[in-house]
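Okay, so the sequence shown: first residue is 436 according to the numbering used here, each after it adds one.
Notes for the one structure printed next.
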Amino acid sequence: MVAVEKEKKLTRQEVVRLERDLAKFANMMDSVVRIPFTKQGVGADAALSTIPVAGDLAGFVLTCYAIYKARQVGVPRSKLNPVMKLAVLDAVVGFIPVVGTIFDIFIRPSRKALDVVHDHIRQEYQILSDDHVVHPFLHESLERKQQQSRFWRNPVVAWVWIHISDLLGALSLILLTGLIGWGSFVLYQWMSS
Numbered sequence: 436m437v438a439v440e441k442e443k444k445l446t447r448q449e450v451v452r453l454e455r456d457l458a459k460f461a462n463m464m465d466s467v468v469r470i471p472f473t474k475q476g477v478g479a480d481a482a483l484s485t486i487p488v489a490g491d492l493a494g495f496v497l498t499c500y501a502i503y504k505a506r507q508v509g510v511p512r513s514k515l516n517p518v519m520k521l522a523v524l525d526a527v528v529g530f531i532p533v534v535g536t537i538f539d540i541f542i543r544p545s546r547k548a549l550d551v552v553h554d555h556i557r558q559e560y561q562i563l564s565d566d567h568v569v570h571p572f573l574h575e576s577l578e579r580k581q582q583q584s585r586f587w588r589n590p591v592v593a594w595v596w597i598h599i600s601d602l603l604g605a606l607s608l609i610l611l612t613g614l615i616g617w618g619s620f621v622l623y624q625w626m627s628s
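Below, the structure written as structure tokens:
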């Protein structure tokens, strides 16, 4: 009789590390460069698809890596089947010049794999925070800093560090709005006199 080996459950720290690695990979593949004035990003998958056949095959292999990372977290194959189908569709459509590249911009299988993993770990591990997914590079850097100093373990300092890009973006928008308002006021004063 063959004993069925039960899959080893990962620790919370291992799950966060694996999901953060997948988030960094998905960002690189699907949204490393954001299209201005949209939420849509372009990544290595779209860039690779500009190389006929070889680029599409490389994109498919790299997407399979995202699926492999999802399996490491313990996501069942049944949940990953839609991701695999999307990856195959992405590869097949990718063989069509121009259409395949445009398709790669909007159909993002690595990001889909990340979404499936995120839903899975919310259910299995009750990890509700998503900072390690939304800001994977800043989160990894913070984790290293926290190992070396108590200062970085302060919740307020950690929150500011994780959201520094959002805070700088908001500050830039406030400054831009202020400058436009000031410029409009100066122009109005100049035209009135």
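Think of the CB as a built atom: it goes at the ideal place given N, C-alpha and C, for glycine as much as any other residue.
Note that the coordinates shown come from a computational prediction; the quantities given were computed from them, not determined experimentally.
Residue i: first and last residue of the uninterrupted alpha helix (DSSP H) it sits in
| i | result |
| --- | --- |
| S564 | Segment: none, S564 is in no alpha helix (DSSP H) and carries neither H nor E. |
| L573 | P571 to Q583 |
| K444 | Note, K444: premise wrong, no alpha helix (DSSP H); not H, not E. |
| T485 | Looking at the DSSP string, T485 is not in any alpha helix (DSSP H), and its letter there is neither H nor E. |
| S628 | Careful: S628 lies outside any alpha helix (DSSP H) and carries neither H nor E. |
| P553 | Looking at the sequence shown, residue 553 is not Pro but His. Note, H553: alpha helix (DSSP H), P544 to Y560. |
| W596 | P590 to I597 |
Cβ neighbour criterion (16 or more within 10 Å) applied to residue i
| i | result |
| --- | --- |
| R546 | buried |
| F465 | Position check: residue 465 holds Asp in this sequence, whereas Phe was assumed. It counts as buried. |
| K444 | exposed |
| R543 | buried |
| G535 | buried |
| T498 | buried |
| A458 | buried |
Exercise. At what residue ranges does the stretch 498-537 contain a whole run of the alpha helix (DSSP H), taking only runs of 4 or more?
Worked result: 512-529
Exercise. Counting Cβ pairs, one atom from each stretch, are 3 or more of them under 8 Å apart for the stretch 486-497 and the stretch 522-537?
Worked result: yes
Problem set entry | Touching by the beta-carbon criterion (3+ pairs, under 8 Å), the stretch 502-517 and the stretch 544-559 | yes
Problem set entry | Three or more C-beta pairs below 8 Å linking the stretch 590-600 and the stretch 477-489 | no
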